[in-house]
Structures are given as structure tokens and as C-alpha cells.
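Structure first, commentary second.
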Amino acid sequence: MKILVTGGAGFIGSNFIRLCLQSHDDIEVVNLDALTYAGNLESLADVAGDPRYEFVKADIANRDEVNAVMEAHAFDAVLNFAAESHVDRSLHMGPQIFIQTNILGTQNLLDAARSRGVARFVQISTDEVYGSLGPEGAFSEATPVLPNNPYSATKAGADFMVRAACRSHGLDCVITRCSNNYGPYQFPEKLIPLMIANALEEKPLPVYGDGMHVRDWIYVLDHCSAIDLVLRQGKTGEVYNIGSMYDVPNIQVVKTLLRLLGKSESLIKYVKDRPGHDRRYAMDSTKIKNELGWEPAYTFERGIQQTIDWYLANSTWLENVRSGEYQSNYEKLYAGR
Ligand code: NAD
Ligand code: TYD
408 MKILVTGGAG FIGSNFIRLC LQSHDDIEVV NLDALTYAGN LESLADVAGD PRYEFVKADI
468 ANRDEVNAVM EAHAFDAVLN FAAESHVDRS LHMGPQIFIQ TNILGTQNLL DAARSRGVAR
528 FVQISTDEVY GSLGPEGAFS EATPVLPNNP YSATKAGADF MVRAACRSHG LDCVITRCSN
588 NYGPYQFPEK LIPLMIANAL EEKPLPVYGD GMHVRDWIYV LDHCSAIDLV LRQGKTGEVY
648 NIGSMYDVPN IQVVKTLLRL LGKSESLIKY VKDRPGHDRR YAMDSTKIKN ELGWEPAYTF
708 ERGIQQTIDW YLANSTWLEN VRSGEYQSNY EKLYAGR
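If you're matching positions, the sequence shown starts at 408 in the working numbering and goes up one per residue.
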């Protein structure tokens, strides 16, 4: 099987490529990535020499670049991980680049896949398209799509275009919607790696609002194993929710990290809340469990310890991604909070 993975130099894409190459001898992977601030080829340094792997620098929002990659290979499947993925950036730096990459980029890939007769298109989406939950219940695949911030609105827009390509044009598409991921190679703008990085430097840990916003945390390799299953066995036109049923308030996650790192809770700093901050996410993954037999393999305790150990052992990776523009962007996002 020959697959195109877009956004493979990012957090989840790089973990997915590594897992695919480890689990399947008969796979060839082309990684198409624009190498934005979130893309990092160091995350795939260990597989760069594998003859089954190739990297192409290209922008999914550029039709010509997408078509050139599609023309050069005969792909059996396209998996679209590429995205602008950070809610705070979508709020503070404007939605344009999110619309460009997340919606137009997805459409370019859909068009190219259709014209080349690609057999399967997997769209990597998110639970955030469902909006926010009240105190009870969990998102199912039948929950209405009601996004609340520019990032989730563009991911929802992409999901609708994928649905349309499937319904109107018969492209074989499947959509996965996963909860919050954590694990190795995550850019330290997201909650867990940011808190680990700040705690290691004894810097304040900025907790938004009252810290009682709930997210459902899944170890990245569990997400990747679910995507691999959906790629091979998912039913055309279906959506699959993926979560691990570990839904806890942010402050609990932050305190757990501080305990495991042996750092003081006095580092916690409550800061001004994120506008439109979704109060609670929780995933019902019954469908993928019953229909495809998927189960998460990692408990939060095991996954978070492995994640901390990885960041401790890979301080150079962390230092490199935090150099350059990281500091000025950090200050822009957190100034005045
Ligand atoms: P990430 O920000 O770490 O990586 C995104 C990658 O996409 C980067 O390598 C970046 O260079 C690349 N990219 C961005 N714009 C591009 C463009 N125009 N053309 C080509 N490449 C481009 O994101 P992630 O956390 O790995 O998320 C991957 C996907 O999974 C996203 O679609 C995201 O919406 C989805 N998702 C993420 C989570 C999560 O918790 N991180 C949860 C559910 C779903
Ligand atoms: P994040 O990792 O940005 O993921 P998402 O917004 O996609 O869920 O944030 C996870 C939760 O942590 C979310 O409720 C916002 C909160 N948060 C903070 O409290 N402080 C921070 O510095 C960050 C980045 C997030």
C-alpha cells in the first residue's frame, strides 16, 4: 500500500508515520508537509533513511504543488493530518491561514484524490467540531456539529467538504474525530508539553479561567492505531469518534504533571480565560470499538509517565523547537493575561 500523509512533520502525523513503518512491511509513505512553525523534520530523523519513506515539502493550500505530488505517485490512500491546529492562534492571530490550510487545503487534496482515482481518503478531524458539552453525556457521531472557535469552525468546514466529496462525487472518504492527544513530539504550545516545558524551567504554568474545563486525554499512539484501523477497515462515508474516556479538569492534569516532575504547585498561575472557551469535551467511542474492534492500549498514568520521560530524554528537541520565534509568539499569546 502506498499512502500520502499530509502534515507528517507535525505531532500526530510523525507518530503515525513511525507506527505505520513499524507495523507494516508492505507500506510506502510519502510525507507532504509545508514545514510551518509546527512542522519539524527532527521528529522523523529516525525514519528518514528508510527506503519506504519519502519527504516532500509542499503546501496543501497550493493546488499546483498538491497536483504535482499526486501526479508523481500512484497513491492507494490519502490521510490528511495537515492543519493549523492551535485554538489560541486562531483567536489571536486571525483565522485566514486556518481557512486557507484547513478548508481550501483539504479541498485541494479531495479534488486531486478524485481526479487521480485514489481509493480512500481519511480526514483527521477533531472532537472540537461538536462544540461544548454540558455537565452530562458525551459526543457521539450523531451529535450536531456546532464549533465555537475559528480553529474548530475550519475543521468543521473541512469535514463538510469531505462529506460532500463522498456524497456528491463518490470519493471513498472516512472521517476520524479524536479527543485531545498527548505524547512525544507535541509542540509546546498545547497544554501538556507547555506545562512540562515551563515546569522544567520553573516558569509560571498559565491555567486559563478556573481550570475546571474538561478535556478527554488520549495517548497519541492510541489515536494512531485507530486511524490505521479506519484506513483499512472503516466504512465509506462514516465518521468514527476516538477517545479514551479519561475526561478530567485541566487543573487536575496540571497538578499531576507537577507531582510527577517533583515541582511545586506554587508555579500554577491562573490567567484570563480563552474567549469562547469550550467547557467540556468527552467522547463516546462505542462505534469504533463495536464495529472495528479498536481499544486504547494506554492508561493515562502509563501514557503521561512515558510522555514526561520522553521530554526529559529529548531536551535538545524541546530546546530547538523553543528557539527562533517561539518566545515572541509565546509572549504575544500570554501578554496581559
Ligand atoms: P501539528 O500542529 O502538530 O502539525 C500540523 C502539521 O501540518 C505540521 O507539520 C505543519 O507543518 C503541517 N502543515 C500546516 N499547514 C500546512 C499546509 N498548508 N500544507 C502542508 N502542511 C501543513 O498538529 P497535530 O496536533 O499533529 O494535529 C494533526 C491533525 O490532527 C490536525 O488535523 C488536527 O486538527 C487533528 N487533531 C489534533 C488533535 C490534538 O490533540 N493535537 C486532536 C484531534 C485531532
Ligand atoms: P489545548 O492544548 O490548547 O487544546 P484544545 O484547546 O484544542 O483543547 O488546551 C487544552 C486545555 O487546556 C484547554 O481547555 C485550554 C487549556 N489551556 C490552559 O489552561 N493553559 C494553556 O496555556 C493552554 C495552552 C491551554
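Even glycine gets a Cβ: it sits at the ideal position worked out from N, Cα and C.
CB of residue i to nearest heavy atom of the ligand TYD: below 6 Å?
i    : result
K562 : no
T615 : Note that residue 615 is Tyr in the sequence shown, not Thr. Indeed, a heavy atom of the ligand TYD lies less than 6 Å from the Cβ.
V473 : no
H480 : no
N736 : no
H620 : yes
V494 : yes
N657 : yes
K679 : no
K464 : no
V540 : Correcting the residue type first, residue 540 is Leu in the shown sequence and not Val. False, no ligand heavy atom lies under 6 Å from that Cβ.
L516 : no
K597 : yes
L601 : yes
So is the beta-carbon of residue i under 6 Å away from any non-hydrogen atom of the ligand NAD?
i    : result
S692 : no
I419 : yes
C585 : yes
A445 : yes
G414 : yes
N588 : yes
A519 : no
G501 : no
A571 : no
F488 : yes
T508 : yes
F594 : yes
I467 : yes
A441 : yes
T533 : yes
G710 : no
G512 : yes
From which residue to which residue does the alpha helix (DSSP H) around residue i run?
i    : result
E698 : T693 to L699
L439 : Where L439 is concerned, there is no enclosing alpha helix (DSSP H), although the beta strand (DSSP E) it sits in stretches over E435 to D440.
Y737 : Y733 to Y741
M451 : One detail in the question is off: residue 451 reads as Leu in this sequence, not Met. Element bounds for L451: n/a, residue is neither H nor E.
I467 : From DSSP, I467 is part of no alpha helix (DSSP H); its letter is neither H nor E.
M421 : Residue 421 is actually Ser in this sequence, not Met. Run containing S421: F418 to S430, per the alpha helix (DSSP H) assignment.
The beta strand (DSSP E) spanning residue i covers which residue range?
i    : result
V473 : From DSSP, V473 is part of no beta strand (DSSP E) but of the alpha helix (DSSP H) over R470 to A479.
L411 : K409 to T413
E461 : Y460 to K464
So residue i and residue j are supposed to be a Cβ contact under 8 Å. How far apart are they, rounded?
i    : j    : result
G641 : L699 : 7 Å
L725 : P595 : 7 Å
L439 : A475 : L439 to A475, Cβ: 10 Å. No contact.
A468 : L511 : 5 Å
Y528 : L517 : Looking at the sequence provided, one finds Phe at residue 528 rather than Tyr. Confirmed, Cβ separation roughly 7 Å.
A445 : G420 : Rounded, the Cβ-Cβ distance is 10 Å, inconsistent with contact.
V569 : T513 : 7 Å
N648 : S547 : 7 Å
R687 : V614 : About 16 Å separates the two Cβ atoms, so there is no contact after all.
V627 : G590 : 3 Å
T583 : V637 : 5 Å
Are the C-beta of residue i and some C-beta of chain D separated by less than 7 Å?
i    : result
V728 : Protein chains in the displayed structure number just one, and chain D is not present.
Curious, which full-length beta strand (DSSP E) runs of at least 3 residues does the region 649 to 728 contain?
Taken in chain order, the complete beta strand (DSSP E) segments of 3 or more residues contained in the region 649 to 728 are 654 to 656 and 675 to 678.
Which whole runs of the beta strand (DSSP E) in the region 574 to 657 are 3 residues long or more, in chain order?
580 to 585, 587 to 589, 612 to 615, 621 to 626, 646 to 649 and 654 to 656
Counting only runs of 3+ residues fully inside the region 480 to 563, write out the beta strand (DSSP E) ranges in chain order.
Here the runs fully enclosed are 484 to 487 and 527 to 533.
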